[in-house]
Amino acid sequence: MAGDPPGSPAISRVVRPAGAGYGRKVMQDTANPLSTGGAIPPSRRPWILGAVAVYLVIMIVVGWGLTGFYRAARDRLDDTLGQRLLAVAQTLAATSDAQSIFSVTVGDSTGDEAVAALGRRFRDLGAGLDLAEITLSDPDGVVLASTAGSLVPGQKNDYWAIDSDAVDSARAGHPAATRLYTLQGSYLKSAYAPILLEVPELDQPLVAAVITVSGSPDFFDALARLRRGALLTGAAVLVSLLVLGVFLYRIQVALERYRASILRQENLAAMGRMTAGIAHEIRNPLGIIRGAGQHLQEVLAGLGRRDPIADYIPEEVDRLDRILSRYLAFGSEAPTAGETFVAAQVVDKVAHLLAGEFAAGGVDIAVDPLPGVWVRGDPLRLRQTVMNLMLNARDAMTGGGSITVTGTTGNGNLELVIRDEGCGLPAGDPEELFAPFHSRKEKGSGLGLTLSRTIVREMGGDLRLRNRSDGCGSEAIIILPVHEAGAAAPAKE
Numbered sequence: 024m025a026g027d028p029p030g031s032p033a034i035s036r037v038v039r040p041a042g043a044g045y046g047r048k049v050m051q052d053t054a055n056p057l058s059t060g061g062a063i064p065p066s067r068r069p070w071i072l073g074a075v076a077v078y079l080v081i082m083i084v085v086g087w088g089l090t091g092f093y094r095a096a097r098d099r100l101d102d103t104l105g106q107r108l109l110a111v112a113q114t115l116a117a118t119s120d121a122q123s124i125f126s127v128t129v130g131d132s133t134g135d136e137a138v139a140a141l142g143r144r145f146r147d148l149g150a151g152l153d154l155a156e157i158t159l160s161d162p163d164g165v166v167l168a169s170t171a172g173s174l175v176p177g178q179k180n181d182y183w184a185i186d187s188d189a190v191d192s193a194r195a196g197h198p199a200a201t202r203l204y205t206l207q208g209s210y211l212k213s214a215y216a217p218i219l220l221e222v223p224e225l226d227q228p229l230v231a232a233v234i235t236v237s238g239s240p241d242f243f244d245a246l247a248r249l250r251r252g253a254l255l256t257g258a259a260v261l262v263s264l265l266v267l268g269v270f271l272y273r274i275q276v277a278l279e280r281y282r283a284s285i286l287r288q289e290n291l292a293a294m295g296r297m298t299a300g301i302a303h304e305i306r307n308p309l310g311i312i313r314g315a316g317q318h319l320q321e322v323l324a325g326l327g328r329r330d331p332i333a334d335y336i337p338e339e340v341d342r343l344d345r346i347l348s349r350y351l352a353f354g355s356e357a358p359t360a361g362e363t364f365v366a367a368q369v370v371d372k373v374a375h376l377l378a379g380e381f382a383a384g385g386v387d388i389a390v391d392p393l394p395g396v397w398v399r400g401d402p403l404r405l406r407q408t409v410m411n412l413m414l415n416a417r418d419a420m421t422g423g424g425s426i427t428v429t430g431t432t433g434n435g436n437l438e439l440v441i442r443d444e445g446c447g448l449p450a451g452d453p454e455e456l457f458a459p460f461h462s463r464k465e466k467g468s469g470l471g472l473t474l475s476r477t478i479v480r481e482m483g484g485d486l487r488l489r490n491r492s493d494g495c496g497s498e499a500i501i502i503l504p505v506h507e508a509g510a511a512a513p514a515k516e
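Number 516 marks the last residue of the sequence shown (the numbering used here); no jumps.
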């Protein structure tokens, strides 16, 4: 390649169609470059699980309490209504002409007038007491008189099959009430009382007929309202808990952000104290090295020779000086000057600078043809970021391997992906790796990734880390907005 330093190892070129393969998937996954994703951070999961458990316990307790209250009220209403219906049925049975009714049941028409009069009495009494039904039936279940239009005299009483237990008790001479049950969505309850006829020849009274008294469905409106009230109360409690949960979650998020801000400020203060003390000592030798590099360039020029390697010395000294300045200003909100440049050229230059050193350790760098789009920012600081990420990739491959750099464009962004074949990211949230002073290296400062993300974000982009989908290492993704003001440069061949 034109411009390569003499004697430097050639960088391998892997020709791939732009946007093909994994790069296309990356662009789909990162359509919003500044999005942090919808995953719940691990630090919040215990709190959320605990809150869900508490809410479930509260809902169980509330549901159990409301259910118990409803059942107690229903049982109380059932008992009260049963006593009322039994009282009416027994009163009617005791005041009825048992002899006349018995004569009708055995086919004697002399009792018809008494039964008719009893029917009229049933209608008056049913209307006055708001009862659903008063029916007179013979011991075999044939209707003699009824206030219910569905029960015709001379036909079988179909409801006896539903209330068989209470009916059997009444036919045996003992009044009884049915349980509270539902039929076609309505609550029903009835009482049965026998009309007893004293027969001297028999040891016990004869059951001449059975009176049925049923409660009106309107009587059960209170029970239906109670059930609806219990359901509405449970729903209100659930909504209140959800609202409270959202409120508490927002408070938790705000506290975490505040705590993270305080921790960041403490880290920045510690960094400021550290860098302020050594800045002067570092800049002195940097000045000497820069002067030596310039002297070397002058000597070579006097001999009529030019070595591009010597040109790198002042450039790298300037870059180190700017890195040092950035350390001193780290955490400040002061804007930095920017210019438009082609990011692909920065990546190529870093790859050439590191190729020789990496090759000695069994690591090669493969750079795909990168889009020649323009971005805006500081090219020297972007070079620092790319170099940090490549050094991290090299350190992750203790046994050697390959570092691959690919690039794609889409949604107005340039995406550079630096892949390694190392051990991958540690377990946990990758965002923790960007925290200041967080390092897995024995001699690492824990500031490389922090500064790299700061640099990229100041250029309007983002920096992310993730494990490769094939499980063979990790990826660092640099996302930068394309600067439309610059003319597109040709892709590097």
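Built from N, CA and C at the ideal position, the CB exists for glycine as well. The structure displayed is predicted, hence computed values, not measured ones.
Asked	Found
For the stretch 447-454 against the stretch 380-391, are there 3 or more C-beta pairs whose distance is under 8 angstroms?	no
Check ILE502 in the structure and name its three-state DSSP category.	strand
Rounded to the nearest angstrom, what separates ILE332 and GLN317 at their Cα positions?	12 angstroms
Given a threshold of 16 other Cβ atoms within 10 Å of its Cβ, counted over all protein chains shown, does ILE234 qualify as buried or as exposed?	buried
In or out: PHE381 buried (at least 16 other Cβ within 10 Å) or exposed?	buried
Exposed or buried, what is ARG442 when buried is set at 16 or more other beta-carbons lying within 10 Å of its beta-carbon?	buried
On a Cα-Cα basis, can you pick out the residue from LEU347, ALA416, ALA168, GLY435 that is closest to MET307?	According to the sequence shown, residue 307 is Asn rather than Met. The shortest Cα separation from ASN307 among LEU347, ALA416, ALA168, GLY435 belongs to LEU347.
Going by DSSP, what residues sit across from TYR215 in a beta bridge?	ALA199, THR235
How is the beta strand (DSSP E) around ASP418 delimited, first residue to last?	Careful: ASP418 lies outside any beta strand (DSSP E), inside the alpha helix (DSSP H) at 402-419.
So, helix, strand or coil for ALA511, using DSSP?	Residue placement at ALA511 cannot be trusted, given a pLDDT of 44 that sits under 50; what the coordinates show is reported in the next sentence. Three-state result, ALA511: coil.
Pull up the distance between the alpha-carbon of ALA315 and that of ALA499, whole angstroms please.	36 angstroms
Distance check for LEU343 and GLY379, CA to CA, integer angstroms please.	20 angstroms
Name the residue from TYR210, ALA95, ALA216, VAL127 whose alpha carbon lies nearest to the alpha carbon of ALA110.	ALA216
So, does the CB of ALA259 fall closer than 8 angstroms to a CB anywhere in chain C?	Among the chains of the structure shown, chain C does not appear; only one protein chain is present.
So for ALA168, helix, strand or coil by DSSP?	strand
Kindly indicate the opening and closing residues of the alpha helix (DSSP H) around ALA367.	366-383
With a 10 Å radius around its C-beta and 16 neighbouring C-beta atoms as the bar for buried, classify ILE218 as buried or exposed.	buried
Whole angstroms is fine: what's the gap from ALA95's alpha carbon to ALA458's?	59 angstroms
In the DSSP assignment, find the unbroken beta strand (DSSP E) run with ALA389 in it and report its ends.	386-390
If we ignore side chains and look at the alpha-carbon of each, how far apart do PRO162 and TYR204 end up?	24 angstroms
Alpha carbon to alpha carbon, how far is GLN178 from GLU221?	27 angstroms
Tell me the rounded alpha-carbon separation between THR158 and GLN207.	21 angstroms
Please check the pair GLY424 and GLU444, which I expect to be a contact at CB under 8 angstroms, by giving their CB distance rounded to whole angstroms.	4 angstroms
With the cut-off set at 8 angstroms, would you say ALA199 and THR128 are in Cβ contact?	no
Take the Cβ of LEU474 as the centre, count every other Cβ of all protein chains shown within 10 Å, and call the residue buried at 16 or more, exposed below.	buried
Using a Cβ-Cβ cutoff of less than 6 angstroms, which residues in the same chain neighbour ASP101 once the five nearest sequence positions on both sides are dropped?	LEU203
State the DSSP-derived secondary structure class of GLY268, mapped to helix, strand or coil.	helix
Using CA coordinates, which residue listed in GLY496, SER492, PRO504, LEU261 is at the minimum distance from VAL479?	PRO504
Apart from the five residues on each side of it in sequence, which residues of its chain come closer than 7 angstroms, Cβ to Cβ, to LEU174?	THR158, VAL166, ASN180
Taking all protein chains shown into account, decide if TRP183 is buried (16 or more other Cβ within 10 angstroms of its Cβ) or exposed.	buried
Compute the distance between the beta-carbons of GLY23 and ARG399, then report whether it is under 8 angstroms.	Since the first and last residues shown for the chain are 24 and 516, residue 23 lies out of range.
DSSP on VAL396, reduced to helix/strand/coil?	coil
For LEU309, which residues from the same chain have a beta carbon less than 7 angstroms from its beta carbon, with the 5 sequence-adjacent residues on both sides left out?	VAL340, LEU343, ASP344
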